[in-house]
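Here is the structure we will look at, set down as structure tokens.
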Amino acid sequence: MNIAVLGAQWGDEGKGKIVDMLTPRFSAVARYQGGHNAGHTVYVRGTKFVLHLIPSGILHPGVTCIIGNGVVISPQALFDEIDELARLGVTVDGRLLISEKAHVILPYHRELDVLSEARRGERRIGTTSRGIGPAYEDKIGRRGIRICDLLGDQEALAGEVRENVSARNHIIKDSTLDWQPVFRDLVTFGERVRPWVGDVSLFLAQMFREGRPVMFEGAQATLLDIDHGTYPFVTSSNASVGGICTGLGVPPRAIGGVLGVAKAYTTRVGEGPLPTELSGALADRLRESGQEYGASTGRPRRCGWYDAVVVRYSARINGLDALALTKLDVLDGLPEVQLCTGYQTPQGLLTEFPADLRLLVDARPVYETMPGWSTPSRGMTRMDRLPTEARRYIERLEEVSGVECAIVSTGSDRDETIVAPGSVAAKWLSV
Ligand code: GDP
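Final position of the sequence shown in my numbering is 688; the numbers increase by one with none missing.
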């Protein structure tokens, strides 16, 4: 069975660990959206390694890693990752497949990103400034450059680059960037990337026919989805389940199960609403215990209590079969913990996540307060060994979120994990 693993909150839920733990059950791992703004932290023989573009499945021998057409690719970031993997003794040859339809992040997309943020002033999004947004803008504006364009007729490519650079020169005042060095760099990139390029949809269809299971790996998360997230404070792609079909060229029926990854509390980086956001000592406590600093940018993350309105919304949008609840151990030792079940607004009680973010401006989270646990959950591998209060917290969290916790993560190590007996995850893992 093919399953999707995606973020149910605002990202950084610890998808890397969950994907890494499930990968040995799959023949391939496929990324369907985003760019090198994502960051999965993985440990290879004691060395910390942050993967941005290549699925972390690459660290498992025999697993094919796929980058779909929905991903935007920075040549520099891709080669840096390939070189770094080689340094660690991991070769991507024969195991990496990049869609010929994927769009390329051009050298000046980063500059446009920074400029666009500066222009927005107070309304800035808080992007990672890596050119991801402008690359998607070019894609939708129908002037983007795709991987297949680099491998075909050079004259046609030269024409496309000229047009793209001219569009850019119109946006940036007094800019007269020469298109030729951009063109030359793209030709060089094309030559290096050629061995890994192919028809991803066709390849996956073949895998499905052969009954070889595939994992679809989401980057960012549902509340950052361009359509269903907290617009405009979102990423530029469909991080939720719909992105799988468009970003890889696979039919909906290919997705056999969906696992949402959520932290036992909530974090977000960048701007935009975070209804359960905490400040002061409690926020610092969560940030320090959870090491809540961005894997890509090092930015401190904003921290708050678990928000069941958000996860219920994610469960509906994605059709979540189950949750992988991560970082339970970060709550160890707190005298009490809180679960948000709704927002009290001047217009009344909200129990569904709203489209209009203005409704959240004066919203107060409605909390259920539960006793914390003083015995640590850290490193636990069995549900029945967890402190009673932690178990009650999980049970109540499941009730208010409307989805079961099939996996509970109690530490960053692969072994520090509980798989709930009889859950869908137990079934997936026993295949
Ligand atoms: P991702 O982008 O969703 O993969 O999340 P990140 O990699 O940015 O952040 C996850 C971080 O949390 C990594 O450093 C993990 O090692 C760590 N982590 C994952 N699960 C747990 C857990 O259950 N407990 C603790 N303490 N850390 C965890």
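C-beta atoms are modelled at their ideal positions from N, C-alpha and C, and glycine is treated no differently.
In this text the structure is predicted, and so the values were computed from the model without any measurement.
Tell me where the beta strand (DSSP E) around Leu372 begins and ends.
The residue you call residue 372 lines up with position 115 of the sequence shown. Boundaries for Leu372: no beta strand (DSSP E) harbours it, while the alpha helix (DSSP H) harbouring it runs 366 to 377, taken from the DSSP string.
Contact belief for Thr554 with Thr385 at Cβ below 8 Å, rounded distance in angstroms:
By one-based count along the sequence shown, residue 554 stands at place 297. By one-based count along the sequence shown, residue 385 stands at place 128. Rounded, the Cβ-Cβ distance is 6 Å, consistent with contact.
Sequence-distant residues of the same chain with beta carbon closer than 6 Å to Val568, five excluded per side
Within the sequence shown, the letter at position 311 stands for residue 568. Excluding residues within five positions, the ones whose Cβ falls inside 6 Å are Ala265, Ala519, Ser658.
Where does Met464 fall in DSSP's three states?
As a position in the sequence shown, residue 464 is number 207, starting the count at 1. For Met464, the three-state secondary structure derived from DSSP is helix.
What's the C-alpha gap between Gln477 and Arg671?
Counted from its first residue, the sequence shown places residue 477 at position 220. Counted from its first residue, the sequence shown places residue 671 at position 414. Straight through space, the alpha carbons of Arg671 and Gln477 are spaced by roughly 21 Å.
Quick check on the DSSP output: what are the complete alpha helix (DSSP H) runs of length 4 or more inside the stretch 438 to 493, in order along the chain?
Segments of the alpha helix (DSSP H) lying fully in the stretch 438 to 493: 457 to 466.
Three-state class that DSSP yields for Gln601 in the structure shown
Your numbering for residue 601 matches position 344 in the sequence shown. In the displayed model, Gln601 falls within a strand according to three-state DSSP.
Using only the heavy atoms of the ligand GDP, determine whether one of them is closer than 8 Å to the beta carbon of Val587.
Numbered from its first residue, the sequence shown carries residue 587 at position 330. The answer is yes for Val587.
Same chain, Cβ closer than 8 Å to Trp562, neighbours up to 5 away in sequence not counted
Sequence index remark: in the sequence shown, residue 562 carries index 305 (1-based). Contacts found: Tyr522, Thr523, Thr533, Leu535, Val594, Gln595, Leu596, Cys597, Pro622, Tyr624.
Does the distance from the CB of Gly486 to the CB of Thr479 come in under 9 Å?
Locating residue 486 in the sequence shown gives position 229, counting from the first residue. Locating residue 479 in the sequence shown gives position 222, counting from the first residue. For Gly486 and Thr479, yes; Cβs fall inside 9 Å.
Anticipated Cβ contact below 8 Å, Ile330 with Leu516, distance rounded:
One-based indexing of the sequence shown puts residue 330 at position 73. One-based indexing of the sequence shown puts residue 516 at position 259. Actually they do not touch by this definition, with Cβ atoms about 26 Å apart.
What number of angstroms, rounded off, separates the C-alpha of Leu582 from the C-alpha of Gly527?
For the purposes of this step, residue 582 is taken as the residue at position 325 of the sequence shown. For the purposes of this step, residue 527 is taken as the residue at position 270 of the sequence shown. For Leu582 and Gly527, the distance between alpha carbons rounds to 23 Å.
Taking the alpha helix (DSSP H) that Met278 belongs to, which residues open and close that run?
Taking the sequence shown and counting its residues from 1, the one referred to as residue 278 is at position 21. Segment 272 to 279, the alpha helix (DSSP H) holding Met278.
Name, in chain order, the residues that DSSP records as bridge partners for Pro628.
In the sequence shown, the residue the question calls residue 628 occupies position 371. According to DSSP, Pro628 bridges with Glu593.
Of the listed residues Ala287, Asp277, Gly629, nearest to Ala511 (C-alpha basis):
Position 254 of the sequence shown, counting from 1, holds the residue named residue 511. With respect to the C-alpha of Ala511, the residue from Ala287, Asp277, Gly629 having the closest C-alpha is Ala287.
Just to check my reading of the structure: Thr626 and Pro644 have Cβ atoms closer than 8 Å, yes? What is that Cβ distance to the nearest angstrom?
Against the sequence shown, residue 626 aligns to sequence position 369. Against the sequence shown, residue 644 aligns to sequence position 387. Thr626 to Pro644, Cβ: 17 Å. No contact.
How about Lys396 and His427: do their beta carbons lie closer than 9 Å?
Counted from its first residue, the sequence shown places residue 396 at position 139. Counted from its first residue, the sequence shown places residue 427 at position 170. Not closer than 9 Å, so no.
Got a sec? Which residues, its chain only, sit under 7 Å from Arg451 by beta carbon, not counting five neighbours each side?
For the purposes of this step, residue 451 is taken as the residue at position 194 of the sequence shown. These residues qualify, in order along the chain: Leu408.
Measuring only from the beta carbon, is Thr304 closer than 8 Å to any heavy atom that is part of the ligand GDP?
Walking along the sequence shown from the start, residue 304 turns up at place 47. No, the Cβ of Thr304 stays beyond 8 Å of every heavy atom of the ligand GDP.
Determine the DSSP secondary structure at Pro509, reduced to helix, strand or coil.
Indexing the sequence shown from 1 puts residue 509 at position 252. The three-state secondary structure of Pro509, taken from DSSP, is helix.
If you drop the 5 nearest sequence neighbours on each side, which residues of the same chain put their C-beta closer than 8 Å to that of Ile275?
Along the sequence shown, read from residue 1 onward, the residue named residue 275 stands at position 18. In the same chain as Ile275, and ignoring 5 residues on each side of it, the C-beta atoms closer than 8 Å to its own belong to Val262, Leu516, Val518, Ala581, Thr583, Ile664, Ser666, in chain order.
Is any heavy atom of the ligand GDP found at a distance shorter than 8 Å from the C-beta of Val515?
The count along the sequence shown starts at 1 and reaches residue 515 at position 258. In this structure, the ligand GDP has no non-hydrogen atom nearer than 8 Å to the beta-carbon of Val515.
Which residue wins for smallest C-alpha separation from Val566, given the options Glu655, Glu374, Glu412?
What you label residue 566 is simply residue 309 of the sequence shown in a count that begins at 1. Each of Glu655, Glu374, Glu412 was checked against the Cα of Val566, and the nearest Cα belongs to Glu655.
Any idea if Ala618 is buried or exposed, counting beta-carbon neighbours within 10 angstroms, 16 or more meaning buried?
Translated into the one-based positions of the sequence shown, residue 618 becomes position 361. Residue identity check: residue 618 is Val in the sequence provided, not Ala. Under this definition Val618 is an exposed residue.
My output table needs one value for Tyr393: the three-state DSSP class, helix, strand or coil.
Position 136 of the sequence shown holds residue 393. Tyr393 falls in the helix class under three-state DSSP.
Cβ separation of Glu368 and Arg400, assumed to be a contact under 8 Å, to the nearest whole Å:
Here residue 368 corresponds to residue number 111 of the sequence shown, with the count starting at 1. Here residue 400 corresponds to residue number 143 of the sequence shown, with the count starting at 1. Contact flag wrong, Cβ pair sits at about 16 Å.
Taking the alpha-carbon positions, what's the Val457 to Arg615 distance?
Taking the sequence shown and counting its residues from 1, one reaches residue 457 at position 200. Taking the sequence shown and counting its residues from 1, one reaches residue 615 at position 358. Near 41 Å, if we compare the C-alpha coordinates of Arg615 and Val457.
Straight-line CA distance for Gly455 to Arg639?
Start at 1 with the first residue of the sequence shown, and residue 455 comes out as number 198. Start at 1 with the first residue of the sequence shown, and residue 639 comes out as number 382. Across the structure, Gly455 and Arg639 are spaced so that their CA atoms are roughly 43 Å apart.
Can you have a look at Phe490 and say buried or exposed, based on whether 16 or more other CB atoms are within 10 angstroms of its CB?
The count along the sequence shown starts at 1 and reaches residue 490 at position 233. With 16 or more other Cβ atoms within 10 Å, it is buried.
Within 9 Å, strictly: CB atoms of Gly292 and Gly388
On the sequence shown, residue 292 is found 35 positions in, with the first residue counted as 1. On the sequence shown, residue 388 is found 131 positions in, with the first residue counted as 1. The beta carbons of Gly292 and Gly388 sit closer together than 9 Å.
Spatial neighbours of Gly223 within its chain, please: CB distance less than 6 Å, with the 5 preceding and 5 following residues excluded, ordered by chain position.
Past the boundaries of the shown model lies residue 223; the chain is included only from 258 to 688, so the question cannot be answered.
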